[in-house]
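Worksheet for the structure shown next.
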Amino acid sequence: MGGRVASHVACLPKSGIRKFFDIVAQSKDVVSLGVGEPDFDTPWHISRAATTCLEDGGTHYTSNLGTPALRQAIARYLDRRFGAGFDWEREILVTVGVSEAIDLAIRAIASPGDEILYHEPCFVSYAPTIRLAHAVPVAVETKASDGFRLRVRELEKKVTPKTKAILLNFPCNPTGATLSGAEMRELLEFAARHDILVLADEVYSELNYTLGPDDTPPSFAGFPEYRDRVVLLNGFSKSWAMTGFRLGYACGPADIIDAMMKIHQYCIMSAPTLSQAAGVEAMDRGDADVGRMRGEYRRRRDYLVGALRSLGLETVEPQGAFYIFPSVASAGLDDEEFAMRLLKDFGVACVPGGAFGACGRGFVRMSYATSMQKIRVAVERIGKMLG
2 MGGRVASHVA CLPKSGIRKF FDIVAQSKDV VSLGVGEPDF DTPWHISRAA TTCLEDGGTH
62 YTSNLGTPAL RQAIARYLDR RFGAGFDWER EILVTVGVSE AIDLAIRAIA SPGDEILYHE
122 PCFVSYAPTI RLAHAVPVAV ETKASDGFRL RVRELEKKVT PKTKAILLNF PCNPTGATLS
182 GAEMRELLEF AARHDILVLA DEVYSELNYT LGPDDTPPSF AGFPEYRDRV VLLNGFSKSW
242 AMTGFRLGYA CGPADIIDAM MKIHQYCIMS APTLSQAAGV EAMDRGDADV GRMRGEYRRR
302 RDYLVGALRS LGLETVEPQG AFYIFPSVAS AGLDDEEFAM RLLKDFGVAC VPGGAFGACG
362 RGFVRMSYAT SMQKIRVAVE RIGKMLG
């Protein structure tokens, strides 16, 4: 019975984030700057929509694509916020979180040996998800000197005739980097030039600090001339503080959405019915909640950037999401050593940057999705370590 685990699964590394937080779970009096989850509870009117659905008997399967009500709400929201028009019947699929949407998109388009470009540092699942589809992950480095923005000149060095798509995440986990509309257009022009698809993970799109309160966030789906090669991947977890609802969606060309739906149909069936009811409420009446949370995240970011810089840690100001990615070179420690010492000796948890790709080494990820009080305690403890 030897070799029972498939070789392409056996060779996958375990998540660097989860491995580290197994240690955190066994520690006492720890201030965590590590978990990528909003510290806010889901706004009550959104949760109430789920309880109302339950009381009304909404305990059955929905369409594989998702309820018509939620797909229509997603279409309205994307048109209102990004000027992106999608056919709710043919171009929108509701998924179990954006993680499933990413997995479905890659499996739907990739044949064995196809190459998928993605940027590093990045969310930990990207390369493993590509490998599980028997495709080849090709990392493209982003640099602190560029604000961790993805540059076309770096993509040109990695694209080949085998390249099928590019997977992007802006605003970015773990760096907080964003892209302007002009930079998005350059990347879309690159994709068109090489006839590849763009898989745009925009789960942090509403958490963008470069915009005024009435400005429209840029989106890869907001360029009608490139609609035929963009698959938008998004969800409710971050912007609406709905992580436990496990709700996401994908929008794109009808043929790709149909292929994704077939995989979803056989593996998942449908997203949770109660979550979908909550999603309608979030899409239609959740703007004020998002604005309130975004404002608080920005306040915390401003404090943490200044505090880390005052302690001598070189820090690029994040422009989106709720992460900061300071260099720890000045501490004379590598990222693993820094994170482990900070945790064990000073009771503050962050994530070594190497968990997000080789070019993340020498940095650590800190999340400011926690209270200002805890952030201040964490900064005091980091100061003691560096003092």
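Okay, so the sequence shown: first residue is 2 according to my numbering, each after it adds one.
Glycine residues also receive a C-beta, built at the ideal position from the N, C-alpha and C atoms.
What residues are listed by DSSP as bridge partners for residue i?
{"i": "Ile249", "result": "Residue identity check: residue 249 is Gly in the sequence provided, not Ile. In the DSSP output, where bridge partners are listed per residue, Gly249 has Thr96 and Gly236."}
{"i": "Ser368", "result": "Tyr324"}
{"i": "Thr164", "result": "Glu116"}
{"i": "Val231", "result": "Val199"}
Can you look up residue i in the DSSP assignment and give me helix, strand or coil?
{"i": "Glu337", "result": "helix"}
{"i": "Gly358", "result": "coil"}
{"i": "Gly388", "result": "coil"}
{"i": "Phe326", "result": "coil"}
{"i": "Leu180", "result": "coil"}
{"i": "Pro138", "result": "strand"}
{"i": "Asp216", "result": "coil"}
{"i": "Glu207", "result": "coil"}
{"i": "Leu151", "result": "coil"}
{"i": "Val352", "result": "strand"}
{"i": "Asp196", "result": "coil"}
{"i": "Leu169", "result": "strand"}
{"i": "Glu121", "result": "strand"}
{"i": "Val306", "result": "helix"}
{"i": "Gly271", "result": "Sequence check: residue 271 is Ser here, not Gly. Of the three classes helix, strand and coil, the one that applies to Ser271 here is coil, per DSSP."}
Compare the Cα-Cα distances from residue i to each of the options and report the closest residue.
{"i": "Ser368", "options": "Gly223, Leu34, Arg81 and Arg5", "result": "Leu34"}
{"i": "Ala379", "options": "Pro175, Tyr304 and Ala356", "result": "Tyr304"}
{"i": "Met373", "options": "Arg302, Cys123 and His135", "result": "Arg302"}
{"i": "Lys163", "options": "Tyr210, Asp346 and Ala136", "result": "Ala136"}
{"i": "Val306", "options": "Lys144, Lys159 and Arg366", "result": "Arg366"}
{"i": "Tyr78", "options": "Ala283, Glu337, Ile257 and Pro327", "result": "Ala283"}
{"i": "Ile110", "options": "Ala255, Gly245, Ala76 and Gly177", "result": "Ala255"}
{"i": "Leu105", "options": "Gly253, Gly148 and Asp42", "result": "Gly253"}
{"i": "Glu121", "options": "Gly358, Ile376 and Met386", "result": "Gly358"}
{"i": "Met261", "options": "Glu92, Pro175, Arg310 and Val160", "result": "Glu92"}
{"i": "His47", "options": "Ser240, Ser328 and Met185", "result": "Checking the sequence, you will find Ile at residue 47 rather than His. Closest by alpha carbon: Ser240."}
{"i": "Gly333", "options": "Ile325, Gly348, Glu315 and Lys345", "result": "Glu315"}
{"i": "Ala7", "options": "Ile18, Ala350 and Arg132", "result": "Arg132"}
{"i": "Glu56", "options": "Ala278, Phe191, Asn65 and Thr143", "result": "Ala278"}
Identify the continuous alpha helix (DSSP H) that holds residue i and give its terminal residues.
{"i": "Glu282", "result": "Thr274 to Arg286"}
{"i": "His265", "result": "Ala255 to Cys268"}
{"i": "Thr130", "result": "Tyr127 to Leu133"}
Any Cβ of chain C within less than 7 Å of the Cβ of residue i?
{"i": "Val125", "result": "In the structure shown, chain C does not exist; there is a single protein chain."}
- Message: Runs of 4 residues minimum, wholly inside the segment 10-75: which ones carry the alpha helix (DSSP H) assignment?
- Response: Listed in chain order, the complete alpha helix (DSSP H) runs (minimum 4 residues) inside the segment 10-75 are 17-26 and 45-56.
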